[in-house]
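The structure under discussion appears below in the form of structure tokens.
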Amino acid sequence: MSLVHIGPLQLEVERFGPPAAPAVLLIQGLGTPLTRWPLSLVQALVDAGCQVIRFDNRDVGLSSKLDHLGRPRLGALLRGEAVPVPYGLDDLAADALALLDALAITRAHVVGASMGGMVAQLLAARHPERCLSLTSIMSSSGNPALPPPTPAAQRALCAPLPESRDEAAVVEDALARQRVLMSPGYPTPEAELRAMFAAEYRRSFHPSGVARQLAALLRGGDRRPLLARLRLPATVLHGEADPLIPVACGRDTAAAIPGARLRLIPGMGHDFPEALMAQFAEAILNPP
Numbered sequence: 104m105s106l107v108h109i110g111p112l113q114l115e116v117e118r119f120g121p122p123a124a125p126a127v128l129l130i131q132g133l134g135t136p137l138t139r140w141p142l143s144l145v146q147a148l149v150d151a152g153c154q155v156i157r158f159d160n161r162d163v164g165l166s167s168k169l170d171h172l173g174r175p176r177l178g179a180l181l182r183g184e185a186v187p188v189p190y191g192l193d194d195l196a197a198d199a200l201a202l203l204d205a206l207a208i209t210r211a212h213v214v215g216a217s218m219g220g221m222v223a224q225l226l227a228a229r230h231p232e233r234c235l236s237l238t239s240i241m242s243s244s245g246n247p248a249l250p251p252p253t254p255a256a257q258r259a260l261c262a263p264l265p266e267s268r269d270e271a272a273v274v275e276d277a278l279a280r281q282r283v284l285m286s287p288g289y290p291t292p293e294a295e296l297r298a299m300f301a302a303e304y305r306r307s308f309h310p311s312g313v314a315r316q317l318a319a320l321l322r323g324g325d326r327r328p329l330l331a332r333l334r335l336p337a338t339v340l341h342g343e344a345d346p347l348i349p350v351a352c353g354r355d356t357a358a359a360i361p362g363a364r365l366r367l368i369p370g371m372g373h374d375f376p377e378a379l380m381a382q383f384a385e386a387i388l389n390p391p
């Protein structure tokens with residue numbers, strides 16, 4: 104791992120595979136560290152002849168924390184009020200572009216999951232000359248007419264953290280949320296989830312950063328006009344059992360991108376089941 108400077112920020116970055124190989128840039132979602140990209144997926148991409156870059160977005164993991172920007176008014180944003188936000192999804196896309204510059208990568212296959220899919224969409228739409236392909240995973244176009252999360256998934260996303268912020272309490276809380284979101288057809292053993300959340304807590308626990316990222320997501324807007332201008336290979340991968348970003352969102356994203364390929368996976372929720380990583384890799388490596 105290494106910290107890469109991009110302007111006033113530092114992003115924690117891991118780079119795998121030969122630096123001269125075609126690049127795959129992996130962009131994670133809301134409050135999610137780079138370590139959530141399974142190493143099995145990374146290895147499959149490297150074995151196929153790629154170099155792979157995964158990184159912590161600003162305000163999460165070991166990257167720069169922007170506490171000086173304050174805490175956003177999430178309640179007001181959820182009510183649709185026009186209140187300021189610390190930064191937007193376009194700023195996260197600009198971070199990703201600056202990272203490619205810092206690593207001297209001219210073009211990359213851009214892959215994003217959940218909120219990271221929204222960031223990847225913006226990067227591809229704003230800077231298509233830097234993107235070999237786009238893979239948008241369990242994400243959305245921002246169409247305001249799309250269905251919301253299930254009530255249980257909405258609670259899992261927005262419920263307050265436990266009063267105690269020690270490791271045991273936070274891990275139990277994360278497990279409870281994950282049980283709602285994970286793939287019913289490919290359940291991850293609880294012991295693995297517990298170990299993952301404990302490792303993430305020890306690496307970095309910074310809820311104010313997650314709040315700022317959530318504010319950016321809530322203010323994301325409708326990306327369909329931008330997506331309609333895309334003229335590059337694009338794949339939309341979505342789980343049919345996703346309770347947080349329903350499958351209709353994946354269908355809408357694919358419909359908004361000319362020539363996009365839609366791949367729906369029965370039994371997949373809103374997570375990264377080990378059993379599906381070969382399908383993820385195949386989708387990334389074989390754009391339409």
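When we follow this note's numbering, the leftmost residue of the sequence shown carries the number 104, and every step to the right adds one. By construction, the Cβ of each residue, glycine as well, lies at the ideal position given by its N, Cα and C atoms.
(Q) For A386 and C234, I'd like the C-alpha separation in whole angstroms. (A) As a working mapping, residue 386 is identified with position 283 in the sequence shown. As a working mapping, residue 234 is identified with position 131 in the sequence shown. In a straight line, the C-alpha of A386 is about 16 Å away from that of C234.
Q | Helix, strand or coil at E117 according to DSSP, with G and I counted as helix | A | For the purposes of this step, residue 117 is taken as residue 14 along the sequence shown, with counting starting at 1. Of the three classes helix, strand and coil, the one that applies to E117 here is strand, per DSSP.
**Q.** P189 versus P175: straight-line alpha-carbon distance, rounded
**A.** Numbered from its first residue, the sequence shown carries residue 189 at position 86. Numbered from its first residue, the sequence shown carries residue 175 at position 72. Near 7 Å, if we compare the C-alpha coordinates of P175 and P189.
Q.
Is it buried or exposed, P251, if we count other Cβ atoms within 10 angstroms and call 16 or more buried?
A. In the sequence shown, the residue the question calls residue 251 occupies position 148. P251 is exposed by the Cβ-count criterion.
Q.
Count Cβ pairs between the segment 361-375 and the segment 339-348 that sit closer than 8 Å; are there 3 or more?
A. yes
Q. Straight-line CA distance for E266 to D276?
A. As a first step, residue 266 must be located in the sequence shown, where it is residue number 163. As a first step, residue 276 must be located in the sequence shown, where it is residue number 173. If you take the alpha carbons of E266 and D276, they lie about 11 Å apart.
(Q) Can you check which of these residues, E377, M241, P111 and L226, is closest to G353 by C-alpha distance? (A) Residue 353 sits at position 250 when you count from the first residue of the sequence shown. Answer by Cα proximity: M241.
Q) If you compare alpha carbons, which of Q113, A124, P125 and A363 is closest to L165? A) Here residue 165 is taken as the residue at index 62 of the sequence shown, counted from 1. The shortest Cα separation from L165 among Q113, A124, P125 and A363 belongs to Q113.
Q) Can you round the beta-carbon distance between A147 and A381 to whole angstroms, since I take them to be within the 8 Å contact cut? A) Here residue 147 corresponds to residue number 44 of the sequence shown, with the count starting at 1. Here residue 381 corresponds to residue number 278 of the sequence shown, with the count starting at 1. Contact holds; Cβ gap of about 7 Å.
Q: Below 6 Å CB to CB, which residues in the same chain sit around H212 once its five sequence neighbours on both sides are set aside?
A: In the sequence shown, the residue the question calls residue 212 occupies position 109. Taken in chain order, the residues that qualify are V127, L235 and S236.
Q.
What does the alpha-carbon distance come out to for the pair T338 and P349?
A. Locating residue 338 in the sequence shown gives position 235, where the first residue counts as 1. Locating residue 349 in the sequence shown gives position 246, where the first residue counts as 1. Going from the Cα of T338 to the Cα of P349 covers about 17 Å.
Q: Using 10 angstroms around the beta-carbon of D150, count the other beta-carbons present and answer buried if the total reaches 16, otherwise exposed.
A: Here residue 150 refers to the residue found at position 47 of the sequence shown. Result: exposed.
(Q) Taking its Cβ as the centre, do 16 or more other Cβ atoms sit within 10 Å of R161, making it buried, or is it exposed? (A) Numbered from 1 along the sequence shown, position 58 holds the residue referred to as residue 161. Classification of R161: buried, given that the 10 Å Cβ count is 16 or more.
Q.
Rounded to whole angstroms, what is the Cα-Cα separation between H108 and A227?
A. As a working mapping, residue 108 is identified with position 5 in the sequence shown. As a working mapping, residue 227 is identified with position 124 in the sequence shown. Looking at the two C-alpha atoms, the distance is approximately 22 Å.
**Q.** Secondary structure of L333, DSSP reduced to three states
**A.** On the sequence shown, residue 333 is found 230 positions in, with the first residue counted as 1. Three-state DSSP puts L333 in coil, outside helix and strand.
Q) Quick one: what does DSSP say R305 is sitting in, helix, strand or coil? A) In the sequence shown, the residue the question calls residue 305 occupies position 202. R305: helix per DSSP, three-state reduction.
Q: Identify, in the order they occur along the chain, each residue of the same chain with its Cβ nearer than 6 Å to the Cβ of V145, setting aside the five sequence neighbours on each side.
A: By one-based count along the sequence shown, residue 145 stands at place 42. Hits under 6 Å: F119 and V155.
**Q.** Simplified DSSP state of H212, which is helix, strand or coil
**A.** For this step, residue 212 is matched to residue 109 along the sequence shown. Correct three-state label for H212: strand.
Q | Beta-carbon gap between V163 and G288 smaller than 9 Å | A | Residue 163 sits at position 60 when you count from the first residue of the sequence shown. Residue 288 sits at position 185 when you count from the first residue of the sequence shown. In this structure, G288 does not lie closer than 9 Å to V163 by Cβ.
Q) Along the chain, where does the beta strand (DSSP E) that runs through L129 open and close? A) Start at 1 with the first residue of the sequence shown, and residue 129 comes out as number 26. A126 to I130 is the span of the beta strand (DSSP E), which, as asked, contains L129.
Q) Just to confirm, are A301 and V274 a CB contact at a threshold of 9 Å? A) Within the sequence shown, numbered from 1, the residue matching residue 301 stands at position 198. Within the sequence shown, numbered from 1, the residue matching residue 274 stands at position 171. The answer is yes: Cβ separation under 9 Å.
Q. From this set, P328, R268, D198 and P141, which residue's C-alpha is nearest G245's C-alpha?
A. Counting from 1 along the sequence shown, the entry for residue 245 is found at position 142. Ranking the options by Cα distance to G245, first place goes to P328.
Q) Given a threshold of 16 other Cβ atoms within 10 Å of its Cβ, counted over all protein chains shown, does R326 qualify as buried or as exposed? A) For the purposes of this step, residue 326 is taken as the residue at position 223 of the sequence shown. Flag for R326 reads buried.
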